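Going down the list, the sequences are from chains A and B. Quick note on our numbering: the first sequence kicks off at 214 and runs consecutively. Quick note on our numbering: the second sequence kicks off at 1203 and runs consecutively.
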Amino acid sequence: MTLLRAYLRGVREGWFILGYTLLLCLTFFIAAPFLMIVLRSVGKGWFGRLWLPPQLTLDWYRWAIEVGNIPEVMKNTLIIGAIAVAISTIIGIFAGWAFGRRHLPGKEILMAVILLPRMIPPITYALGVARIFYTADLVDTHFGVALAHVSVCAPYAILVLSATFESLDERVLEAAAVCGANTIKRFFYVVLPLIMPGILASMLFSFTSSYNEFTLTLLTYGPHTVTLPVRTYLAVGDGYWEITSAMAVIMVVPSLFILATIQRRAKPEKLIGGFKGV
Amino acid sequence: MPDAMIEFRDVTKRYGTLVANDHLSLGIRRGELMTLLGPSGCGKTTALRCLTGTIQPEEGQILLDGKDVTHVPTHQRELGMVFQNFALFPHMTVQDNVGFPLMIRSVSKPERERMVADALRLVRLEGYAGQYPRQLSGGQQQRVGLARALVYHPKVLLLDEPLSNLDAKLREEMRFEIKEVVTRLGITAMYVTHDQGEALALSDRVAIMNRGRLEQLGTPEEIYESPRSKFVAEFIGLSNFLEGYVQSIEGRDMLVMASGLAVSTPALPAIGPGQKVLLFLRPNEVEILPQDAPAGTNVFAARVDKATYLGDTMDYRIALGQGVELRVQGDARRRYQNGDPVRLRLRRVRSWTVTD
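Structure representation (structure tokens):
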């Protein structure tokens, strides 16, 4: 019996060691390319034979900003992101209310349709979007690109806000009504503050999806609507690895900032759930 | 009803084929605390929701202070309500929760602060104004709920199972607290519960509901002492039932044969031999006597089946007649053991005719 227990403990500790090793490998696997890019973006005369670049420089960043026109590109990215977030959140609030508060017939099917753009290969969907946009003259407009992004942002917003509305306690709204609040006052004094965490979460998710979106942008962008991922991709095509790396690092900074905010300010699961009960 | 503060007139509400309120008519007098009591699904909550305006009855009227409010939206009904799950606003402090009805009514800030302080004093929660609901215990949260319901002096106070989410000891305490506050303010209150103990302890009158209908309406004493039906008797307190046939009428009494026992009980009006009746005995209306006690009317030989010690009382299941088992409660100082032969004297037997 003791022998068996010792054996089991040994196995379990063995598993622990194996698990940690795998986790470490995975971390390295994820971090390595990123590390590579960072080193690439500050290295001079580094041709990959050495472990570390022989000389450090910030020249590539200067080049990226000046030649790559990063400020303009960043502005495009943020404008498109803001429009996409605004539209997605408004859609998300209404759809989330309907999904979370009412017993809709065929709710599952509707949900599946909403999630469809996320399920089918992006290029397939993007081709269709591009086709329509050429006809509707929406290509190379901030609004057009943002609208294309909405197809991937809105599902997030709807999912997050449905969960938020679902967790909204019916009785609390009833209490507000009994206290004398009409529909509008109930919304502004009770519903809105309670779903605010959900709205913020949905905005963050929407913004990151728009910010990171590549395929849909590639097929709807034009000279006036180059976004960061597309600009970076084009720079790769030109063969300037160092400058491209610098752009890639610049692009990652806001994402990391958002991630840090989420991690520190609020537990993501809490954001999604809103306030569960009291 | 002329002096009714709350009145249900023939209110009917259906959910599909289920009739939740079946022509319910009920009047609650000014300053009265009435309890709507019944098992789950009896329609008490539906009645309450019709009164708050959360749902609309299909037929009938609801009057508040003589005014027909059947189609008035909830927020214009001027109600105060305490909820089972407290339903406080989680994002507001106690101060803001209690002040919410005043803010909605645009009461000036200094005035609001004074009224909130008064309300908090009423429920003994001074000093908690800055706390959030999640920082409070269940009992404290419910007191905040009570303060919020009373702060703007509504015409009526509604309480929807306010003590169900609290533990047993706190429930007892809160009972008296609610009763005291309501009495002190002289407010008309409707209290919905499935707990008979609460209903008896709190109410001026109790309305017992069953399957969407009013089963009996009366003071707690009336309800307990003279239940009008088996349902009421079963729901309030412990009861023993015996089915039997009338054998003979002897003056003001009748003799009923029930499971081999000849039980004498006051005669029911317009009853004749052969009719089926249901006898009803409260456990404390049966006396346990030693085996050698003298025989008499309604004294029967019996045997203790199961004796349970409950501290201040003994709870017995006693077998007598042909397979009858009675639940009897007796003084714990005089104990009988399992299997002891005893005699039972039925001190008081009531009966209803059975129509089936």
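The beta carbon of each residue, even a glycine, is placed where N, CA and C say it ideally should be. Please read all numbers here as calculations on a predicted model, not as lab measurements.
Contact set between A/Ala-394 and chain B, taken where Cβ atoms lie within less than 7 Å
Mapped onto the first sequence, residue 394 of chain A falls at position 181. Neighbours of A/Ala-394 on chain B, chain order: His-1277, Ile-1306.
Taking DSSP as the reference, what is the three-state secondary structure of A/Met-409?
Counting from 1 along the first sequence, the entry for residue 409 of chain A is found at position 196. Taken through DSSP and simplified to helix, strand or coil, A/Met-409 comes out as helix.
What do you get for A/Pro-368, buried or exposed, if any count of 16 or more other CB atoms within 10 angstroms of its CB means buried?
For this step, residue 368 of chain A is matched to residue 155 along the first sequence. Burial state of A/Pro-368 is buried, judged by a 10 Å Cβ sphere holding 16 or more other Cβ atoms.
Close Cβ partners of A/Met-416 (< 6 Å) along its chain, the five nearest in sequence each way excluded
Here residue 416 of chain A is taken as the residue at index 203 of the first sequence, counted from 1. Contacts found: Val-298, Thr-302.
Go through its chain and collect everything with a Cβ distance to B/Arg-1345's Cβ below 6 Å, but skip five positions before and after it.
Looking up residue 1345 of chain B in the second sequence gives position 143. Excluding the 5 residues flanking it on each side, B/Arg-1345 has same chain C-beta neighbours closer than 6 Å at Val-1325, Leu-1327, in chain order.
Against B/Met-1207, what residues of chain A qualify as contacts under a CB-to-CB distance less than 7 Å, listed in chain order?
Taking the second sequence and counting its residues from 1, one reaches residue 1207 of chain B at position 5. Correct list: empty, because the minimum Cβ distance to chain A is about 17 Å.
Is the beta carbon of B/Phe-1288 closer than 7 Å to that of B/Gly-1329?
In the second sequence, counting from the first residue as 1, residue 1329 of chain B sits at position 127. In the second sequence, counting from the first residue as 1, residue 1288 of chain B sits at position 86. Not in contact: B/Gly-1329 and B/Phe-1288 (Cβ atoms no closer than 7 Å).
Hey, does A/Pro-406 have any beta-carbon neighbour from chain B nearer than 7 Å?
The count along the first sequence starts at 1 and reaches residue 406 of chain A at position 193. Flagged as an interface residue toward chain B: A/Pro-406, by a C-beta distance shorter than 7 Å.
Which same chain residues, not among the five before or five after A/Gly-486, have their C-beta less than 7 Å away from its C-beta?
Position 273 of the first sequence holds residue 486 of chain A. In this prediction, A/Gly-486 has a pLDDT of 42, which is less than 50 and means its spatial position is unreliable; nothing more can be read from the coordinates.
Test item: CB-CB of A/Ser-423 and A/Cys-366 under 7 Å:
Walking along the first sequence from the start, residue 423 of chain A turns up at place 210. Walking along the first sequence from the start, residue 366 of chain A turns up at place 153. Cβ atoms of A/Ser-423 and A/Cys-366: closer than 7 Å.
For the candidate residues A/Val-439, A/Gly-309, A/Leu-236, A/Tyr-338, whose alpha-carbon lies nearest to that of A/Pro-284?
In the first sequence, residue 284 of chain A corresponds to position 71, counting from 1. Nearest C-alpha to A/Pro-284: A/Val-439.
Got a sec: which bits of the segment 1278-1294 of chain B sit with their beta carbon under 7 Å from any beta carbon on chain A, in order along the chain?
Residues of the segment 1278-1294 of chain B with a C-beta atom less than 7 Å from some C-beta of chain A are Leu-1281, Met-1283, Phe-1285, Asn-1287, Phe-1288, Ala-1289, Leu-1290, Phe-1291, Pro-1292, His-1293, listed in chain order.
Would you mind telling me which residues of chain A sit closer than 9 Å to B/Thr-1256, beta carbon to beta carbon, in chain order?
Position 54 of the second sequence holds residue 1256 of chain B. Within chain A, the residues near B/Thr-1256 are Glu-387, Ala-390, Val-391.
Using a Cβ cut-off of 7 Å, pull out every chain B residue sitting near A/Lys-398, in sequence order please.
Taking the first sequence and counting its residues from 1, one reaches residue 398 of chain A at position 185. Ordered by position in chain B, the residues that pass the 7 Å Cβ test against A/Lys-398 are Ile-1306.
So, helix, strand or coil for A/Gly-486, using DSSP?
Within the first sequence, the letter at position 273 stands for residue 486 of chain A. Because A/Gly-486 carries a pLDDT of 42, less than 50, the predicted location of this residue cannot be relied on, and the following value inherits that uncertainty. Helix.
Among the candidates A/Phe-229, A/Val-352, A/Lys-320, whose CA atom is the shortest distance from the CA of A/His-437?
As a position in the first sequence, residue 437 of chain A is number 224, starting the count at 1. A/His-437 has its Cα closest to that of A/Val-352, out of A/Phe-229, A/Val-352, A/Lys-320.
Output needed in chain order: residues of the segment 1327-1351 of chain B with a Cβ under 9 Å from some Cβ in chain A.
For chain A, the residues of the segment 1327-1351 of chain B that bring a beta carbon within less than 9 Å of one of its beta carbons are Pro-1335, Arg-1336, Gln-1343, Gly-1347, Arg-1350, Ala-1351, in chain order.
Excluding five sequence neighbours on each side, which residues of the same chain lie with their C-beta closer than 7 Å to the C-beta of A/Tyr-292?
Reading the first sequence from its first residue, position 79 is the one you call residue 292 of chain A. In the sequence on display, residue 292 of chain A carries Ile and not Tyr. Closer than 7 Å at the Cβ level, and outside the excluded window around A/Ile-292, lie His-355.
My output table needs one value for B/Trp-1554: the three-state DSSP class, helix, strand or coil.
Position 352 of the second sequence, counted from the first residue, corresponds to residue 1554 of chain B. It is a strand residue.
Along the chain, where does the alpha helix (DSSP H) that runs through B/Lys-1357 open and close?
As a first step, residue 1357 of chain B is located in the second sequence; it is residue number 155 there, counting from the start. Here B/Lys-1357 belongs to no alpha helix (DSSP H), and DSSP marks it neither H nor E.
Could one say the Cβ of A/Arg-314 lies closer than 7 Å to chain B's Cβ atoms, at least one of them?
Mapped onto the first sequence, residue 314 of chain A falls at position 101. Output row for A/Arg-314: interface = no.
So the candidates are A/Ile-300, A/Leu-469, A/Thr-270; which of them puts its Cα closest to the Cα of A/Gly-256?
The count along the first sequence starts at 1 and reaches residue 256 of chain A at position 43. The shortest Cα separation from A/Gly-256 among A/Ile-300, A/Leu-469, A/Thr-270 belongs to A/Thr-270.
How is the alpha helix (DSSP H) around B/Phe-1433 delimited, first residue to last?
As a first step, residue 1433 of chain B must be located in the second sequence, where it is residue number 231. Segment 1432-1437, the alpha helix (DSSP H) holding B/Phe-1433.
Can the beta-carbon of B/Pro-1475 be found closer than 7 Å to that of B/Val-1458?
The residue given as residue 1475 of chain B occupies position 273 in the second sequence. The residue given as residue 1458 of chain B occupies position 256 in the second sequence. Result no, Cβ atoms of B/Pro-1475 and B/Val-1458 do not sit closer than 7 Å.
Continuous beta strand (DSSP E) stretch holding A/Val-391: start and end
As a position in the first sequence, residue 391 of chain A is number 178, starting the count at 1. Counted as a single uninterrupted DSSP element, the stretch harbouring A/Val-391 is not any beta strand (DSSP E) but the alpha helix (DSSP H) occupying residues 383-391.
Taking B/Gly-1446 as the reference, give the member of B/Leu-1440, B/Ser-1466, B/Glu-1427 with the closest Cα.
Position 244 of the second sequence, counted from the first residue, corresponds to residue 1446 of chain B. Closest option to B/Gly-1446, Cα to Cα, is B/Ser-1466.
Cβ distance (whole Å) where B/Thr-1380 is taken to contact B/Val-1408 below 8 Å:
Reading the second sequence from its first residue, position 178 is the one you call residue 1380 of chain B. Reading the second sequence from its first residue, position 206 is the one you call residue 1408 of chain B. As written in the sequence, residue 1380 of chain B is Ile, which differs from the Thr given in the question. Distance from B/Ile-1380 to B/Val-1408 at the Cβ level is roughly 15 Å; contact not present, criterion being Cβ atoms closer than 8 Å.
Could you name the residues of chain B that A/Asp-382 contacts, counting a contact when the two beta carbons are closer than 9 Å?
Sequence index remark: in the first sequence, residue 382 of chain A carries index 169 (1-based). Neighbourhood of A/Asp-382 in chain B, by CB distance below 9 Å: Asn-1287, Ala-1289, Pro-1292, in chain order.
Under the rule that 16 or more other beta-carbon atoms within 10 Å means buried, what is A/Cys-238, buried or exposed?
Along the first sequence, one-based indexing puts residue 238 of chain A at 25. A/Cys-238 counts as exposed, since fewer than 16 other beta carbons sit within 10 angstroms of its beta carbon.
DSSP beta-bridge partners for A/Ala-367?
Here residue 367 of chain A refers to the residue found at position 154 of the first sequence. Paired residues: none, contrary to the question.
For chain A, check one thing: does any of its Cβ atoms lie closer than 7 Å to the Cβ of B/Pro-1241?
Sequence index remark: in the second sequence, residue 1241 of chain B carries index 39 (1-based). It does not: the Cβ of B/Pro-1241 has no partner Cβ on chain A nearer than 7 Å.
Assign A/Asp-382 to one of two classes, buried (16 or more other C-beta atoms within 10 Å of its C-beta) or exposed (fewer than that).
Position 169 of the first sequence, counted from the first residue, corresponds to residue 382 of chain A. Buried.
A/Pro-481 in three-state terms, based on DSSP:
Position 268 of the first sequence, counted from the start, is the residue given in the question as residue 481 of chain A. Per-residue confidence for A/Pro-481 stands at a pLDDT of 49, beneath the threshold of 50, marking its modelled position as unreliable; no derived number is given.
Distance check for A/Ala-277 and A/Ala-461, CA to CA, integer angstroms please.
As a working note, residue 461 of chain A is residue 248 in the first sequence. As a working note, residue 277 of chain A is residue 64 in the first sequence. Cα-Cα distance, rounded: 10 Å.
In angstroms with no decimal places, state the Cα-to-Cα distance between A/Glu-482 and A/Arg-314.
Numbered from 1 along the first sequence, position 269 holds the residue referred to as residue 482 of chain A. Numbered from 1 along the first sequence, position 101 holds the residue referred to as residue 314 of chain A. Confidence in A/Glu-482 is poor, its pLDDT being 48 and thus under 50, which makes the residue's placement unreliable; the coordinate value appears in the next sentence. Each residue's alpha carbon lies about 20 Å from the other.
Between B/Pro-1312 and chain A, is there a C-beta pair that is closer than 7 Å?
Looking up residue 1312 of chain B in the second sequence gives position 110. Not closer than 7 Å to any Cβ of chain A, the Cβ of B/Pro-1312 fails to qualify, so no.
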